[in-house]
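Peer 1: These protein sequences, in sequence, are chains V and C. Letter by letter, the first sequence follows residues 65 to 670 of this note's numbering. Letter by letter, the second sequence follows residues 4 to 354 of this note's numbering. For every residue, glycine included, the Cβ atom is placed at its ideal position computed from N, Cα and C. Everything numeric in this text was worked out from a predicted model, so none of it was measured. Attaching a single structure in structure tokens format; questions to follow.
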Amino acid sequence: MSKINSVNDFVIKFANVNGSGSASANQMFAKGVFRSGIPVSPKNIFPSNIQGLPTWFEVRVNEKGYLGRREGIDISVAMNPQSYQKDVTELKENGYLIYDSSWKREFGRDDINVLEIPLTKLCVQEFTNPKQRLLFKNLGYVGLLASILEMDKDIYISLIEEQFKGKEKLIEPNVKALNIGYNYAEENFKDYCEIKVKKSDKTDGLILTSGNDAAGLGCVYGGATVCAWYPITPSTSLAESFSKYSEKLRVEIGTDKNKFAFIQAEDELAAMGMTIGANWNGARAFTATSGPGVSLMSEFIGLAYFAEVPTVLFNVQRGGPSTGMPTRTQQSDILCSAYASHGDTKHVLLIPSDPKECFDFAVEAFDLADKLQTPVIVLLDLDLGMNDWSTKEFEWDDSNQYDRGKVLSKEDLDGIERFGRYLDVDGDGIPYRTYPGTHPEKGAYFTRGTSHDEYAGYTEDGVKNAEMLTRLLKKFQTASSLVPAPVFNQEKNGSSMGIIYFGSTDCSMQEALDVLDEQNLKIDAMRIRAFPFNLEVWEFIEDHDLLFIVEQNRDGQMRTLIMAEGGIIPDKLVSILCFDGQPITAKHITNKINTHISGKPAIAMS
Amino acid sequence: MTYIVKPKNHHPLLEKNKLGLTRRDYEGAVSTLCAGCGHDSVSSAIVEACFQLSIESYKVAKLSGIGCSSKAPAYFLNQSHGFNSVHGRMPSIATGAAMANHELTYLGISGDGDTASIGIGQFVHCARRQLNMTYIVENNGTYGLTKGQFSATNDLESKSKYGDDNLFPSIDLPSMAIQLGASFVARSFSGDREQLVPLLKAALSHKGFSFLDIISPCVTFNNHKTSTKSYDYIREHNDALSKPDFVPMGKEIVTEYPSGSSIEVPLHDGSLLALEKLSKDYDPADKIQAIQNIQESQRDGKVLTGLLYADPKAKDLREILNISDKPLNSMGKNELCPGADKLEGINSGLR
Numbered sequence: 065m066s067k068i069n070s071v072n073d074f075v076i077k078f079a080n081v082n083g084s085g086s087a088s089a090n091q092m093f094a095k096g097v098f099r100s101g102i103p104v105s106p107k108n109i110f111p112s113n114i115q116g117l118p119t120w121f122e123v124r125v126n127e128k129g130y131l132g133r134r135e136g137i138d139i140s141v142a143m144n145p146q147s148y149q150k151d152v153t154e155l156k157e158n159g160y161l162i163y164d165s166s167w168k169r170e171f172g173r174d175d176i177n178v179l180e181i182p183l184t185k186l187c188v189q190e191f192t193n194p195k196q197r198l199l200f201k202n203l204g205y206v207g208l209l210a211s212i213l214e215m216d217k218d219i220y221i222s223l224i225e226e227q228f229k230g231k232e233k234l235i236e237p238n239v240k241a242l243n244i245g246y247n248y249a250e251e252n253f254k255d256y257c258e259i260k261v262k263k264s265d266k267t268d269g270l271i272l273t274s275g276n277d278a279a280g281l282g283c284v285y286g287g288a289t290v291c292a293w294y295p296i297t298p299s300t301s302l303a304e305s306f307s308k309y310s311e312k313l314r315v316e317i318g319t320d321k322n323k324f325a326f327i328q329a330e331d332e333l334a335a336m337g338m339t340i341g342a343n344w345n346g347a348r349a350f351t352a353t354s355g356p357g358v359s360l361m362s363e364f365i366g367l368a369y370f371a372e373v374p375t376v377l378f379n380v381q382r383g384g385p386s387t388g389m390p391t392r393t394q395q396s397d398i399l400c401s402a403y404a405s406h407g408d409t410k411h412v413l414l415i416p417s418d419p420k421e422c423f424d425f426a427v428e429a430f431d432l433a434d435k436l437q438t439p440v441i442v443l444l445d446l447d448l449g450m451n452d453w454s455t456k457e458f459e460w461d462d463s464n465q466y467d468r469g470k471v472l473s474k475e476d477l478d479g480i481e482r483f484g485r486y487l488d489v490d491g492d493g494i495p496y497r498t499y500p501g502t503h504p505e506k507g508a509y510f511t512r513g514t515s516h517d518e519y520a521g522y523t524e525d526g527v528k529n530a531e532m533l534t535r536l537l538k539k540f541q542t543a544s545s546l547v548p549a550p551v552f553n554q555e556k557n558g559s560s561m562g563i564i565y566f567g568s569t570d571c572s573m574q575e576a577l578d579v580l581d582e583q584n585l586k587i588d589a590m591r592i593r594a595f596p597f598n599l600e601v602w603e604f605i606e607d608h609d610l611l612f613i614v615e616q617n618r619d620g621q622m623r624t625l626i627m628a629e630g631g632i633i634p635d636k637l638v639s640i641l642c643f644d645g646q647p648i649t650a651k652h653i654t655n656k657i658n659t660h661i662s663g664k665p666a667i668a669m670s
Numbered sequence: 004m005t006y007i008v009k010p011k012n013h014h015p016l017l018e019k020n021k022l023g024l025t026r027r028d029y030e031g032a033v034s035t036l037c038a039g040c041g042h043d044s045v046s047s048a049i050v051e052a053c054f055q056l057s058i059e060s061y062k063v064a065k066l067s068g069i070g071c072s073s074k075a076p077a078y079f080l081n082q083s084h085g086f087n088s089v090h091g092r093m094p095s096i097a098t099g100a101a102m103a104n105h106e107l108t109y110l111g112i113s114g115d116g117d118t119a120s121i122g123i124g125q126f127v128h129c130a131r132r133q134l135n136m137t138y139i140v141e142n143n144g145t146y147g148l149t150k151g152q153f154s155a156t157n158d159l160e161s162k163s164k165y166g167d168d169n170l171f172p173s174i175d176l177p178s179m180a181i182q183l184g185a186s187f188v189a190r191s192f193s194g195d196r197e198q199l200v201p202l203l204k205a206a207l208s209h210k211g212f213s214f215l216d217i218i219s220p221c222v223t224f225n226n227h228k229t230s231t232k233s234y235d236y237i238r239e240h241n242d243a244l245s246k247p248d249f250v251p252m253g254k255e256i257v258t259e260y261p262s263g264s265s266i267e268v269p270l271h272d273g274s275l276l277a278l279e280k281l282s283k284d285y286d287p288a289d290k291i292q293a294i295q296n297i298q299e300s301q302r303d304g305k306v307l308t309g310l311l312y313a314d315p316k317a318k319d320l321r322e323i324l325n326i327s328d329k330p331l332n333s334m335g336k337n338e339l340c341p342g343a344d345k346l347e348g349i350n351s352g353l354r
């Protein structure tokens with residue numbers, strides 16, 4: 065039997081039953097590879113369910129650092145008889161199938177290598193506690209993998225020790241479970257597997273973390289003190305990350321009191337209301353949600369836009385429309401975020417592409433919201449938010465200052481004859497504001513969602529209202545010079561074709577660009593990082609005759625936004641779409657580009 | 004929300020409070036509500052209460068939702084920041100604002116539509132969380148601004164101005180507030196200034212969620228003969244539990260009630276609410292009794308008013324969440340940012 069042979073380049077997929085504790089073991093496997101110095105991209109493909117349904121966990125190991133999803137499974141750890149059929153089908157020819165042979169099975173494929181390990185039987189022999197018997201099967205196969213891939217077992221032992229720090233009693237049984245699989249493989253599968261993990265140094269300067277975790281930490285560093293939120297997959301762990309880090313880093317010495325407020329609201333409407341209320345009163349506040357939450361928050365987003373209250377919202381996108389696929393990924397809230405709420409509204413979007421950028425953009429979002437006095441929506445997606453990524457280390461310069469924007473102090477107010485909340489004093493469309501409680505006689509005003517004049521007084525004068533809307537547009541123009549510029553994948557534009565992409569597809573794009581390069585297809589590429597689009601975005605579009613726009617939604621929403629905002633002709637913009645809930649692959653992108661260039665339009669997804 | 008700025012000319016002999024301010028200093032713009040609207044009396048009572056308490060207006064945030072009642076904050080406390088938010092969502096704005104700075108006084112004005120229908124969820128959770136604020140419902144049983152539809156507090160037997168029957172029973176907000184854990188609950192009548200002002204003063208002095216349901220008749224759409232929220236009906240059916248007298252901190256109690264008929268409710272800031280009992284089964288510290296009193300009065304076709312329930316020792320949201328004594332909005336980078344060293348530690352933990 066032939067076997068797939070590779071070093072530090074493979075995809076392994078775990079098939080489990082959800083609620084069986086497998087995710088943390090699978091995570092541990094991935095972290096062990098990362099600690100061996102090879103970048104990994106674990107992806108948890110889970111059902112919207114707590115216990116009993118099939119769940120998968122895919123880990124791509126790639127020394128070159130390609131972290132996008134890749135088609136084809138090299139090793140399948142099939143621990144769920146419910147999904148054997150699918151798991152075996154997905155396995156590449158000459159791949160490896162590991163399964164629990166406590167109950168023997170035939171798989172009907174003679175082109176794969178089957179590794180049998182009676183995990184249940186072994187765990188029943190070694191453990192008496194029924195819960196442990198079930199749970200430790202997971203660590204058992206991690207041990208087996210460490211052996212067949214010739215990894216350093218001590219890495220896993222240290223991971224177990226770290227995980228159970230403070231609960232030392234649990235270390236011994238966990239190590240025992242690891243050894244069950246490890247020892248079994250040493251005896252039965254020595255030199256069997258031809259896929260290896262060889263220690264490397266490609267993770268120097270990298271950390272393994274998720275976008276949600278990073279963004280929550282970024283909120284702590286960015287000076288957020290109020291987080292009001294409502295649980296919704298896949299954004300929940302972002303709010304929880306803020307709480308977790310705040311409890312460690314934001315407790316007053318001496319009093320043990322919190323320098324933060326963490327409030328689980330009754331719904332997304334209240335979460336957004338609290339965020340606006342806190343920001344209005346001078347605290348940095350944010351909320352995190354997903355598509356359905358954005359729909360519910362829309363009325364309030366319009367209020368914050370029109371009354372000009374800084375607001376930070378993280379939208380961790382999931383599969384839509386409606387309740388959609390809550391546990392799958394998409395980039396399908398571009399338009400509903402950019403234009404959230406009724407009437408003429410437009411919002412600043414920040415679109416990070418990896419956890420490091422999630423951290424940076426979280427910090428940036430608060431400065432931008434304060435400077436612009438408007439909602440700033442940070443767009444993540446489930447893949448970026450919930451999965452661990454090999455990403456650059458977080459950086460912080462202690463000389464960084466928070467920019468609170470145009471806020472008048474008591475002394476400032478003393479020097480002003482008449483304060484006008486919505487007066488465009490500086491000509492940039494951004495007025496000055498005051499916090500409640502600043503001055504006994506000056507600076508009080510009425511914040512309202514009704515039409516108002518420069519002094520915040522109610523007006524039904526249509527001309528006044530039109531002036532206010534026009535000023536808001538000027539402010540949006542100002543925003544385009546303040547938001548992060550795009551990132552280019554070329555020194556200067558050298559091709560007549562360009563690719564536009566954004567967010568979490570970055571990792572697959574890097575790989576796709578290398579593949580195209582090998583095919584001698586030189587295509588320029590630009591990663592959009594924010595809306596409103598700044599000048600460099602428009603120049604890039606101007607400089608190319610044909611542009612591919614890669615996005616994970618059905619309707620080409622970024623394409624629509626570019627056409628609407630820049631008056632770009634549709635023929636120039638070709639969509640490359642993926643909306644099956646899985647992250648797009650490099651192969652998908654290159655296939656579509658090749659197909660288009662060879663004369664067939666690349667609009668539909670495969 | 005139309006408003007007209009009032010002229011600033013004051014009579015030189017107007018009475019002044021401890022801050023040297025007159026009642027005029029606590030006023031707002033000229034009201035554009037209908038002449039005779041109960042809400043204007045409530046605004047006036049708020050002015051009086053704030054004047055008497057010598058509150059610094061600029062340390063008050065007045066918040067509202069949408070509707071006639073929600074216009075009211077424009078008509079008092081000119082030097083306070085105001086926030087006229089969206090329909091039914093004042094409680095969440097107030098919650099966020101109060102988290103940012105607990106040192107201000109938060110005064111929310113809502114209506115029966117704003118609270119009992121579209122905003123009932125936020126009202127419920129705000130009460131349950133014990134937010135330190137005063138929450139007033141100017142309750143007239145009707146949607147005035149959209150011209151007279153029934154609201155959810157309109158009594159079943161109360162017909163519309165046009166003779167339509169009300170098909171659904173009313174929601175009793177004070178009973179709900181007590182059940183939800185509000186620590187100060189009262190009902191009053193916009194036309195009973197003697198009762199309303201001391202209750203307002205006590206509500207503003209209480210630490211925790213103070214809820215005031217103020218029957219405030221709508222002269223245009225719900226003041227007819229078959230209405231149970233008309234001036235005449237409330238005057239005839241007002242069943243006052245007690246006669247309140249607010250005693251500021253450090254003042255001697257001079258109110259003299261016959262022995263055994265008075266109850267004193269000490270408030271957080273050292274002030275006191277002295278109550279002359281008008282009903283024998285009255286104990287504002289007893290939650291169950293309070294709900295029973297409301298139910299019985301309702302059964303008897305009366306409108307129970309006065310302080311219904313108070314727990315002056317209840318914790319407020321900030322205490323429950325163990326938030327710093329220093330307002331969060333006053334903290335700068337040095338207090339909030341953990342710094343580069345800590346981040347390096349976090350990086351190490353993620354390798």
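Does G85 of chain C come within less than 8 Å of chain V when only Cβ atoms are used?
Peer 2: Within the second sequence, residue 85 of chain C is the residue found at index 82, counting from 1. With 8 Å as the cut-off, G85 of chain C counts as an interface residue toward chain V.
Peer 1: Per DSSP, A189 of chain C is paired with what?
Peer 2: The residue labelled residue 189 of chain C in the question sits at position 186 within the second sequence. Answer is C:L215 and C:L310, bridged to A189 of chain C.
Peer 1: How many angstroms separate the CA atom of L281 of chain C from the CA atom of V412 of chain V?
Peer 2: Within the second sequence, residue 281 of chain C is the residue found at index 278, counting from 1. Within the first sequence, residue 412 of chain V is the residue found at index 348, counting from 1. Distance between the alpha carbons of L281 of chain C and V412 of chain V is about 60 Å.
Peer 1: Provide the residue(s) that pair with L272 of chain V in DSSP beta bridges, ordered along the chain.
Peer 2: In the first sequence, residue 272 of chain V corresponds to position 208, counting from 1. Beta-bridge pairing links L272 of chain V to V:S454.
Peer 1: I need the boundaries of the alpha helix (DSSP H) containing E428 of chain V, first residue and last residue.
Peer 2: Indexing the first sequence from 1 puts residue 428 of chain V at position 364. Unbroken alpha helix (DSSP H) run through E428 of chain V: P419 to L436.
Peer 1: Using a Cβ-Cβ distance cut-off of 8 Å, determine whether G124 of chain C contacts chain V.
Peer 2: Reading the second sequence from its first residue, position 121 is the one you call residue 124 of chain C. Output row for G124 of chain C: interface = yes.
Peer 1: Would L110 of chain C pass as an interface residue toward chain V - the criterion being a Cβ-Cβ separation below 8 Å?
Peer 2: The residue given as residue 110 of chain C occupies position 107 in the second sequence. So, not an interface residue.
Peer 1: Check whether the region 488-500 of chain V and the region 530-539 of chain V are in contact - that is, three or more C-beta pairs closer than 8 Å.
Peer 2: Enough Cβ pairs lie closer than 8 Å, so yes.
Peer 1: Would you say W293 of chain V reaches chain C, if we count a Cβ-Cβ gap shorter than 8 Å as a contact?
Peer 2: Here residue 293 of chain V corresponds to residue number 229 of the first sequence, with the count starting at 1. Chain C, which has no Cβ nearer than 8 Å to the Cβ of W293 of chain V, makes this no.
Peer 1: Out of V:D445, V:W167, V:V471 and V:F98, point me to the one whose CA is closest to N343 of chain V's CA.
Peer 2: Along the first sequence, read from residue 1 onward, the residue named residue 343 of chain V stands at position 279. Here the closest residue by C-alpha is V:V471.
Peer 1: Counting only Cβ-Cβ distances shorter than 9 Å, please list the residues of the region 328-355 of chain V near chain C, keeping chain order.
Peer 2: Here the close residues are A329, E330, D331, L333, A334, A335, M336, G337, M338, T339, I340, G341, A342, N343, W344, N345, G346, A347, R348 and A349.
Peer 1: Taking F604 of chain V as the reference, which of V:S572, V:F552, V:Q583 and V:V579 has the closest Cα?
Peer 2: If you number the first sequence from 1, residue 604 of chain V lands on position 540. Answer by Cα proximity: V:F552.
Peer 1: Are at least three pairs of beta-carbons, each pair with one atom in the region 86-104 of chain C and one in the region 128-138 of chain C, less than 8 Å apart?
Peer 2: The region 86-104 of chain C, when compared against the region 128-138 of chain C, does touch it at the 8 Å Cβ threshold.
Peer 1: Going by DSSP, what residue range makes up the beta strand (DSSP E) through K280 of chain C?
Peer 2: Here residue 280 of chain C refers to the residue found at position 277 of the second sequence. Per DSSP, K280 of chain C belongs to the beta strand (DSSP E) from L275 to K280.
Peer 1: Between which two residues does the beta strand (DSSP E) harbouring G341 of chain V extend?
Peer 2: Within the first sequence, residue 341 of chain V is the residue found at index 277, counting from 1. Looking at the DSSP string, G341 of chain V is not in any beta strand (DSSP E); the run it does join, the alpha helix (DSSP H), is E332 to W344.
Peer 1: Which term fits G438 of chain C, buried or exposed, when burial requires 16 or more other beta carbons within 10 angstroms of its beta carbon?
Peer 2: Absent from the structure is residue 438 of chain C, since the part of chain C shown begins at 4 and ends at 354.
Peer 1: In three-state DSSP terms, what is E542 of chain V?
Peer 2: Here residue 542 of chain V corresponds to residue number 478 of the first sequence, with the count starting at 1. Contrary to the premise, residue 542 of chain V reads as Thr rather than Glu in this sequence. The answer is helix: DSSP assigns T542 of chain V an H, G or I state.
Peer 1: For L446 of chain V, which residues from the same chain have a beta carbon less than 6 Å from its beta carbon, with the 5 sequence-adjacent residues on both sides left out?
Peer 2: Locating residue 446 of chain V in the first sequence gives position 382, where the first residue counts as 1. Only P298, R382 and T393 meet the Cβ criterion.
Peer 1: Count Cβ pairs between the region 489-506 of chain V and the region 519-532 of chain V that sit closer than 8 Å; are there 3 or more?
Peer 2: Flag = no, the region 489-506 of chain V and the region 519-532 of chain V do not touch.
Peer 1: Any C-beta of chain V within less than 9 Å: which residues of the region 326-346 of chain C qualify?
Peer 2: Going along the region 326-346 of chain C in chain order, one finds I326, S327, D328, K329, P330, L331, N332, S333, M334, G335, K336, E338, L339, C340, P341, G342, A343, D344, K345 and L346 with a Cβ nearer than 9 Å to chain V.
Peer 1: Keeping to the same chain, check which residues put their C-beta closer than 7 Å to that of K262 of chain V; ignore five residues upstream and five downstream.
Peer 2: Here the question's residue 262 of chain V lines up with position 198 in the first sequence. Within the same chain, K262 of chain V has close Cβ partners V71 and N72.
Peer 1: Using the Cα positions of G96 of chain V and V206 of chain V, report the straight-line distance between them to the nearest angstrom.
Peer 2: Mapped onto the first sequence, residue 96 of chain V falls at position 32. Mapped onto the first sequence, residue 206 of chain V falls at position 142. Rounded to the nearest angstrom, the two C-alpha atoms are 10 Å apart.
Peer 1: Which ranges would you report for the beta strand (DSSP E) in the region 45-70 of chain C if only whole runs of at least 3 residues count?
Peer 2: Fully enclosed beta strand (DSSP E) runs of 3 or longer: 63-67.
Peer 1: Should D408 of chain V go down as buried or exposed, given a rule of 16 or more other Cβ atoms within 10 Å for buried?
Peer 2: Here residue 408 of chain V is taken as the residue at index 344 of the first sequence, counted from 1. When all chains shown are included, D408 of chain V counts as exposed.
Peer 1: Please tell me whether M136 of chain C has its Cβ less than 8 Å away from any Cβ of chain V.
Peer 2: Residue numbering aside, residue 136 of chain C sits at position 133 when the second sequence is read from its first letter. With 8 Å as the cut-off, M136 of chain C does not count as an interface residue toward chain V.
Peer 1: What does the alpha-carbon distance come out to for the pair K217 of chain V and K308 of chain V?
Peer 2: If you number the first sequence from 1, residue 217 of chain V lands on position 153. If you number the first sequence from 1, residue 308 of chain V lands on position 244. Each residue's Cα considered, the two are about 30 Å apart.
Peer 1: Mind reading off the beta-carbon distance from H208 of chain C to L270 of chain C? Whole number of angstroms is fine, and I expect it under 8 Å.
Peer 2: Along the second sequence, one-based indexing puts residue 208 of chain C at 205. Along the second sequence, one-based indexing puts residue 270 of chain C at 267. Checking the sequence shown, residue 208 of chain C turns out to be Ser, not His. Contact holds; Cβ gap of about 5 Å.
Peer 1: Taking a contact to mean a Cβ-Cβ separation below 8 Å, would you say F3 of chain C touches I49 of chain C in this structure?
Peer 2: Because chain C here runs from 4 to 354, residue 3 of chain C falls outside it and cannot be looked at.
Peer 1: Under 8 Å, do G68 of chain C and R92 of chain C count as touching if we go by C-beta distance?
Peer 2: Working through the second sequence from its first residue, we reach residue 68 of chain C at position 65. Working through the second sequence from its first residue, we reach residue 92 of chain C at position 89. Yes.
Peer 1: Take E51 of chain C and list the residues in its own chain whose beta-carbon comes closer than 6 Å to its own, dropping the five residues that flank it on each side.
Peer 2: Here residue 51 of chain C refers to the residue found at position 48 when the second sequence is read from its first residue. So the list reads V200, once near-sequence residues are dropped.
Peer 1: On the DSSP bridge list, what partners appear for R512 of chain V?
Peer 2: By one-based count along the first sequence, residue 512 of chain V stands at place 448. DSSP output for R512 of chain V lists C:N87 as bridge partner(s).
Peer 1: Let me know if G23 of chain C comes out buried or exposed under the rule of 16 or more other beta-carbons within 10 Å of its beta-carbon.
Peer 2: Numbered from 1 along the second sequence, position 20 holds the residue referred to as residue 23 of chain C. Result: exposed.
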